[in-house]
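Residue numbers (the numbering used here): 14 to 588.
Here is the structure we will look at, set down as structure tokens.
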Amino acid sequence: MVEMLKGIAASDGVAVAKAYLLVEPDLSFTKVNVEDIDAEFARLDDALAQSKAELEQIRAKAASTLGEEEAAVFDAHLMVLSDPEMIGQIKDAIKSNKVNAEAALKEVTDMFISIFEGMEDNKYMQERAADIKDVTKRVLAHLLNVVLPSPAMINEEVVVVAHDLTPSDTAQLDRQFVKAFITDIGGRTSHSAIMARSLEIPAIVGTNSVTSKVNAGDLIAVNGITGEAIVHPTEEQQAAFIKAGEDYAAQKAEWEKLKNEKTVTADGQHFELAANIGTPKDLAGVHNNGAEAVGLYRTEFLYMDSPDFPSEEDQFEAYKAVLEGMDGKPVVVRTMDIGGDKELPYLDLPHEMNPFLGYRALRISLSELGDAMFRTQLRALLRASVYGTLRIMFPMVATLKEFRAAKKMFEEEKAKLVAEGVAVSDAIQVGIMIEIPAAAVLADKFAKEVDFFSIGTNDLIQYSMAADRMSERVSYLYQPYNPSILRLIKNVIDAAHAEGKWAGMCGEMAGDQTAVPLLVGMGLDEFSMSATSVLKTRSLMKRLDTAKMKELADRALNDCDTMEDVVELINEYVK
């Protein structure tokens, strides 16, 4: 039966393919007494062998696509599978208790997990507990003949269906086979949506019900431009989706012609179009889409992709690669933004009721726990600064005192390096990300001390509206065009210009085609977005007249009461 689904259009593109369910299977079982001990031994050995073969395949795939360092995590899993002590104890439990392999596996692995988790002063052993959990789940799945989903092992064209996708899930998606994804929860600014745009995978999020309405193997048509999907589409519907995909491909080909052009409006005014990146590998997308700068380098992925704190040398090499790769074009590097939904297994952060408003980002960097980590990052950045045009940005700044403390540490590490005879650039700009309303309101004071502002609208909007951007129930309050948000943005831009500084934007709003005309009218200097949005935005800007856009912005700020009023006004100006 044909089923229509509607969600939030998160990443442009169209696809028609079979559904691949990335959903945790039911691994419950009943403990039973057995007489045939040898049969249970054989079942266990078979499940262990299947798990080992599967992990070796996953490891090889990870090594080829992500690199040896990323694949090393699976070595630990393979070691657990081959541990004679643990396997021996599982077989002893089967034999002495006369229980099925599932019950013996769970009893023994739970004991090991409990012991390792209790070693609070030994991070290495605590990490082994996590490895045992993962491996146990895999072996149990084979004992129960249940398929354990693995995005890295997808080898045919599919649409991934999930409740949500973690950053690590999304990083494993192979564009060759994953033609789209669709989730129950999330919004345009969730990490999975942002990564989908970087990978150029069509995506719909926040459908509320896709996992309950789709079975593995169902044919599903996805339109990431409109946010519409159809389960079991008719041949006519399939043809319509395929035609929409062809039309989008033709439009992209037109945008590609602007790759080497400057970003200028109809009346000749230039704006800087930059791209957001997470790793040096993302530079290919920056160049392929003709971006003029990197407006946000999210360095936390260096930490999230590492089994321990990345060394100064590892960070230096990563920053140097990006700066050299941009051939002198500006690179804005955001210092570590850990916390919220971005955790590190090797950093013992306290459990908080609301981690997004808690101990995260610069708050960690300025604390005793994060001091050495932050100074290591600053040293690596300072050493890399001579290889390009570096701009350093501190995230989650609420007060001038915080900025001054971070700037002081920057100056201290710079002085130490110079004293050591290490070359450091004298042209490094130091700015802040404006994502906390308190900083946006006090922008005139900050502007006297910073070199630039970059407005992080994803958080600025959720903090201003008191609405979690990950919650579909309050997603209607995520309103980038609300006059209150527009006034905060205008205040920041005006404060920067009053002090001769520049103001950019690195939130998703910067590439939002409805918002761009307003931002041009407000005088935003730099727009940084997913690389895949750059050419589309350049094409739009070529049609805009800055005088008319200024008039549009003035009317939106002064005459409109609601977001809907603003959208109607934009549509009136931009036909």
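Idealized CB from N, CA, C, for every residue including glycine.
Values in this document were obtained by computation on a predicted structure and should not be read as measured data.
Run through DSSP, which three-state label would residue i get?
i              : result
alanine 22     : strand
methionine 535 : helix
methionine 14  : coil
tyrosine 491   : coil
threonine 149  : helix
arginine 347   : strand
serine 222     : coil
methionine 478 : helix
glutamine 526  : coil
alanine 440    : coil
methionine 339 : coil
alanine 85     : coil
alanine 97     : The sequence given here places proline at residue 97; alanine does not occur at that position. If DSSP states are grouped into helix, strand and coil, proline 97 belongs with the helices.
alanine 460    : coil
methionine 132 : coil
asparagine 158 : coil
asparagine 228 : coil
serine 497     : helix
lysine 561     : helix
isoleucine 238 : coil
methionine 483 : coil
arginine 568   : helix
Name, in chain order, the residues that DSSP records as bridge partners for residue i.
i                 : result
lysine 355        : Gly352
leucine 40        : Paired residue(s): none; leucine 40 is not in a bridge.
isoleucine 447    : Ile468
isoleucine 126    : Partner(s): none; isoleucine 126 has no beta bridge.
isoleucine 233    : Ala30 and Val244
asparagine 46     : Val112
alanine 516       : Phe466
phenylalanine 540 : Leu286 and Met518
To the nearest angstrom, report how far apart residue i and residue j are at their CA atoms.
i                 : j              : result
serine 222        : serine 211     : 25 Å
phenylalanine 387 : alanine 30     : 45 Å
leucine 336       : alanine 511    : 30 Å
aspartate 525     : isoleucine 100 : 55 Å
leucine 430       : histidine 90   : 41 Å
tyrosine 400      : leucine 296    : 15 Å
arginine 482      : glycine 352    : 16 Å
aspartate 231     : alanine 385    : 51 Å
lysine 275        : leucine 553    : 13 Å
aspartate 507     : aspartate 457  : 8 Å
methionine 366    : glycine 517    : 32 Å
threonine 575     : tyrosine 491   : 13 Å
tyrosine 33       : alanine 436    : 52 Å
proline 408       : threonine 179  : 22 Å
valine 505        : alanine 523    : 15 Å
threonine 10      : glutamate 37   : Outside the displayed span of the chain (14 to 588) sits residue 10, for which this structure offers no information.
leucine 557       : valine 580     : 16 Å
alanine 428       : alanine 419    : 14 Å
proline 450       : arginine 500   : 11 Å
tyrosine 359      : aspartate 321  : 6 Å
alanine 73        : alanine 117    : 30 Å
serine 24         : threonine 389  : 36 Å
alanine 560       : leucine 548    : 23 Å
glycine 303       : aspartate 340  : 13 Å
glycine 534       : glycine 513    : 18 Å
Buried or exposed: residue i, going by 16 or more other Cβ atoms within 10 Å of its Cβ?
i              : result
glycine 131    : exposed
isoleucine 128 : exposed
methionine 14  : exposed
valine 299     : buried
leucine 532    : buried
asparagine 584 : exposed
aspartate 182  : buried
aspartate 439  : exposed
methionine 349 : buried
glutamate 564  : exposed
histidine 155  : buried
leucine 186    : buried
serine 109     : exposed
threonine 470  : buried
tyrosine 489   : exposed
glycine 308    : buried
aspartate 280  : exposed
Less than 6 Å separating the Cβ of residue i from some heavy atom of the ligand COA?
i           : result
leucine 212 : The ligand content of the structure shown is nil, which means the ligand COA is not present either.
Counting contacts by CB-CB distance shorter than 7 Å, is residue i in contact with chain D?
i           : result
leucine 565 : Although the question refers to chain D, the structure presented lacks it and comprises just one protein chain.
Exercise for the section: Ignoring anything shorter than 4 residues or poking outside the region 246-324, list the alpha helix (DSSP H) runs there in chain order. Expected result: Whole alpha helix (DSSP H) segments, 4+ residues: 248-269, 296-301 and 313-317.
Handout entry: beta strand (DSSP E) segments (min. 3 residues) lying fully within the region 364-435
Key = Counting only runs of at least 3 residues, the region 364-435 fully encloses the following beta strand (DSSP E) elements, listed from N- to C-terminal order: 402-407.
Handout entry: Entirely enclosed beta strand (DSSP E) segments - the region 166-220, minimum 3 residues
Key = 171-175, 191-196 and 216-218
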